[in-house]
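What follows is a set of notes on a single structure, which appears directly below.
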Amino acid sequence: MVAGRMNAVVQERYGSPDVLELRDVEVPVIGDDGVLVRVRASSVNAADWHTMRGRPIFARFMTGARRPKQAVAGTDVAGVVEAVGRGVVELRPGDEVFGGRNGAFAEFVAGRVRNFVPKPPQMSFEEAAAIPVAATTALQALRDRAEVKAGQRVLIIGAGGGVGSFCVEIAKAFGAMVTATTSPANVEFVRSLGADEVVDYTSNDVTRGSRRFDVVLDVGGYASFGDLARVANPGGAIVPIGAGKATTVGIIAGLVAGEVRRRVLGQRLRFFLAQITRDDLLVLARLATEGKLIPRIDRRYALAETADAMRYAESGVARGKVVITV
Numbered sequence: 276m277v278a279g280r281m282n283a284v285v286q287e288r289y290g291s292p293d294v295l296e297l298r299d300v301e302v303p304v305i306g307d308d309g310v311l312v313r314v315r316a317s318s319v320n321a322a323d324w325h326t327m328r329g330r331p332i333f334a335r336f337m338t339g340a341r342r343p344k345q346a347v348a349g350t351d352v353a354g355v356v357e358a359v360g361r362g363v364v365e366l367r368p369g370d371e372v373f374g375g376r377n378g379a380f381a382e383f384v385a386g387r388v389r390n391f392v393p394k395p396p397q398m399s400f401e402e403a404a405a406i407p408v409a410a411t412t413a414l415q416a417l418r419d420r421a422e423v424k425a426g427q428r429v430l431i432i433g434a435g436g437g438v439g440s441f442c443v444e445i446a447k448a449f450g451a452m453v454t455a456t457t458s459p460a461n462v463e464f465v466r467s468l469g470a471d472e473v474v475d476y477t478s479n480d481v482t483r484g485s486r487r488f489d490v491v492l493d494v495g496g497y498a499s500f501g502d503l504a505r506v507a508n509p510g511g512a513i514v515p516i517g518a519g520k521a522t523t524v525g526i527i528a529g530l531v532a533g534e535v536r537r538r539v540l541g542q543r544l545r546f547f548l549a550q551i552t553r554d555d556l557l558v559l560a561r562l563a564t565e566g567k568l569i570p571r572i573d574r575r576y577a578l579a580e581t582a583d584a585m586r587y588a589e590s591g592v593a594r595g596k597v598v599i600t601v
């Protein structure tokens, strides 16, 4: 289809952002069912730096025991279809799309129709690239794991980052009453997302208060299970999002404790790993078109500055998303 060379961010070993190198590599080849996209923008997710460092260790069962299985980093992508296989009828060259596919920190990425959907026309490529991993995670946490309903009280711990900001917007789109915690610097930012109440966690620890919630989301996975369970209603849902300080022993202990509380109080502890699907990308595109999902971009970096983008995103101070322009 398309032959040639391209720039891509390659990682051959686990470690700090210093392991990321911009290299000249071959443009990926597609088959009869393939789609080749010229990348215009990507974005950084927690999964990217966890994969970069190979942590937590048990995750290497999926990412590679000694080195990453996927040489080119990144997953979020927005761009223009460059070429399609002869068996593809849903997309054609020139279509503007967004989605998720391994190897997104590059000038081209190859996938299949299921990996991409049309980009909402009112969105920039950068805005669309901010959506796939983070917003899919938020959607599946709220809709599928927590089964949130209109009128329920939802607590979102850590609402200032990429996933957290999307959690606020999607919970409000579902009709929930949202209490969100964040750092002092992000209080006004989170309030602008539509949260009904925003709490500065440095001055008010909601998990030590008397209020109870129907749904408790811990974005980042840093709170203890005991703290999360304390503020969940009987029958409520508790959803940790992200690895945080998780260890294999800690996860097993959490599962055991979750089963005990399920039997005694009916609380539901819902660990999960988000999976990007075309159907969910279409849901997110609809929410974005309706103005209910508006990606917030903190900083933009060039492809050659991906290591710096990863350092900043990993620092935990970003408001919303960190985007890479190509």
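Numbering (the numbering used here), first residue to last: 276 to 601. The beta-carbon is built from N, C-alpha and C at its ideal position, and this holds for glycine as well.
Per DSSP, what are the beta-bridge partners of residue i in this structure?
i	result
LEU297	VAL284
GLY354	VAL314 and VAL372
VAL514	LEU492
ILE599	SER317 and TYR576
VAL453	VAL429
VAL473	ALA455
GLY309	ARG387
VAL347	VAL285
ALA507	PHE488
ARG543	ALA512
GLY436	GLY595
Taking C-beta to C-beta, are residue i and residue j nearer than 9 Å?
i	j	result
THR482	ALA498	yes
LEU417	VAL408	no
PRO343	ARG298	no
GLY354	GLU371	yes
GLY362	GLY374	no
VAL490	ALA451	yes
ILE599	VAL356	no
PRO459	THR564	no
LEU556	ILE431	no
GLY517	ALA334	no
GLU382	VAL592	no
ILE445	ALA470	no
ARG376	VAL388	no
ARG487	VAL474	no
ASP493	VAL514	yes
ILE305	GLY369	no
ARG454	GLY439	The sequence shown places Thr at residue 454, not Arg. No. Outside cutoff.
Assuming residue i contacts residue j (C-beta within less than 8 Å), just tell me the rounded distance between them.
i	j	result
GLY495	GLY433	5 Å
GLY349	PHE380	3 Å
ARG328	GLY290	7 Å
LEU545	ARG420	In the sequence as displayed, the identity of residue 545 is Arg instead of Leu. Right, the Cβ-Cβ distance comes to about 4 Å (below 8 Å), so this counts as a contact.
GLN286	ALA346	7 Å
(request) Could you tell me which uninterrupted beta strand (DSSP E) segments, each at least 3 residues in length, are contained entirely in the region 360-397, listed from first to last along the chain? (result) 371-375, 383-387 and 391-393
(request) Pair every Cβ in the region 555-574 with every Cβ in the region 300-314, then say whether three or more of these pairs are closer than 8 Å. (result) no
(request) Say whether the region 395-403 touches the region 419-434, bearing in mind that this needs 3 or more beta-carbon pairs closer than 8 Å, one atom from each stretch. (result) no
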